[in-house]
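> What follows is a structure written as structure tokens; I'll ask about it next.
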Amino acid sequence: MAFQPFQPTEPLWSNGPTPGAFYSFPGACVAPELPAKHTMRPMVTGTSVLGITFDGGVMIAADTLGSYGTLARYRSISRLSKINDTTLIGASGDVADSQYVNSVLERKTINDEALDDGHSYTPKAVYSYLTRLMYHRRTQINPLWTTWVVGGYHDDKPFLGYVNMLGVAYESPTVATGYGMYIAQPLLRDAYEKNGDMDQGEARRTLEQCLRVLYYRDCRTINKYEIGIVTADGIEILGPLSLDTNWDIAHTISGYN
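Converting from the sequence shown to my numbering requires adding 15 to each position, the first position being numbered 1.
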């Protein structure tokens with residue numbers, strides 16, 4: 016009699032695992048796959064960052080307000096960051112995205128210092144990296160909603176650059192972001208064209224005057240600010256400081272109710 020292999024009429028394990036596949040346990044809760052979510056509108060934002068070069072260095076200034084929509088919610092947010100002994104950056108736009116970018120740059124700086132090869136990121140290298148990072152996130156249709164001012168001093172030359180959320184970038188002796196592009200940039204350019212070899216004191220007075228005008232005209236700023244100074248001796252961040260303001264003529268302004 017020929018041998019007949021055993022052939023069960025029903026599977027030995029009903030609802031068992033398929034070879035090479037995962038078993039779906041009865042009653043298991045499987046979370047539905049949600050669509051990807053990207054930032055469509057920043058929540059907490061910072062406004063203008065200003066920068067100017069002077070004889071022997073670069074100076075960057077920014078106020079310390081983080082606005083939650085139209086609410087002046089956070090009044091002590093520092094938007095200036097020291098990357099290394101030669102590079103300083105300032106961020107406007109979404110505060111959360113700027114904190115993320117700062118953490119990325121911090122990790123890169125730590126890894127660079129761990130090599131201990133005598134080299135470090137130059138201001139132009141940080142500027143170039145930000146252009147690639149911003150453009151990469153833009154091509155992913157998930158941009159970082161920030162605009163950056165990069166200042167530094169390397170090889171006895173000041174460096175000042177601008178990078179926006181699309182990766183558009185340029186170098187200039189004066190830069191401004193946010194509302195400052197319309198209000199402060201003309202003042203900065205005028206001061207620089209009149210005296211391109213201004214000293215550190217004049218550069219600071221110019222930035223403080225621009226910050227004062229922005230405080231009068233931009234409802235997303237306050238009169239508390241920080242100033243970062245980059246020279247051959249290193250980087251110094253002053254502040255938070257407070258601007259002196261004068262509202263004596265405010266009662267004469269009408270028609271904006």
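Where a beta carbon is used, it is the ideal one built from N, C-alpha and C, also for glycine.
Small disclaimer: the values here were computed from a predicted structure and weren't measured.
Work out the CA separation of GLN114 and CYS225 for me, nearest whole Å.
26 Å
> How many whole angstroms separate the CB atoms of THR62 and ARG235, which I take to be in contact at a CB cut-off of 8 Å?
Contact flag correct, Cβ pair sits at about 4 Å.
> Among the residues of its own chain, which have a CB less than 7 Å from the CB of ASN157, if the five just before and after it don't count?
HIS53
> What three-state label does DSSP hand ASP205 in the structure shown?
helix
> For VAL64, list the residues DSSP reports as bridge partners.
ALA77
> Could you tell me which uninterrupted alpha helix (DSSP H) segments, each at least 4 residues in length, are contained entirely in the segment 128-203, listed from first to last along the chain?
Runs of the alpha helix (DSSP H) inside the segment 128-203: 138-154 and 195-198.
> Taking C-beta to C-beta, are GLY105 and LEU95 nearer than 7 Å?
Yes, the Cβ-Cβ distance between GLY105 and LEU95 is below 7 Å.
> Which residue from ASN238, ILE75, ARG56 and ASN99 puts its Cα closest to that of LEU203?
ILE75
> Between SER143 and THR137, what straight-line distance do the alpha-carbon atoms span, to the nearest angstrom?
Here the alpha carbon of SER143 sits roughly 10 Å from the alpha carbon of THR137.
> What number of angstroms, rounded off, separates the C-alpha of ASP171 from the C-alpha of ILE264?
45 Å
> Where does the unbroken beta strand (DSSP E) through ALA106 begin, and where does it stop?
First-last of the beta strand (DSSP E) with ALA106: 102-109.
> VAL245 bridges to which residues according to DSSP?
VAL73 and ILE250
> Less than 7 Å between the beta carbons of TRP163 and ASP112, yes or no?
no
> Just the C-alpha distance for VAL165 and ALA51, rounded to the nearest angstrom, thanks.
32 Å
> The beta strand (DSSP E) spanning ARG88 covers which residue range?
Counting along the chain, the beta strand (DSSP E) containing ARG88 begins and ends at 86-89.
> Leaving out five residues before and five after ASP154 in sequence, what residues of the same chain have Cβ atoms less than 7 Å from its Cβ?
This sequence places Thr at residue 154; Asp is not what is there. There are no such residues.
> Please say whether LEU229 and ILE198 have beta carbons closer to each other than 7 Å?
yes
> For TYR240, which beta-bridge partners are listed by DSSP?
ASP78 and LEU256
> With burial defined as no fewer than 16 other Cβ atoms inside 10 Å of the residue's Cβ, what is the status of GLU128: buried or exposed?
Exposed, by the Cβ-count rule.
> What residues are listed by DSSP as bridge partners for SER96?
ILE104
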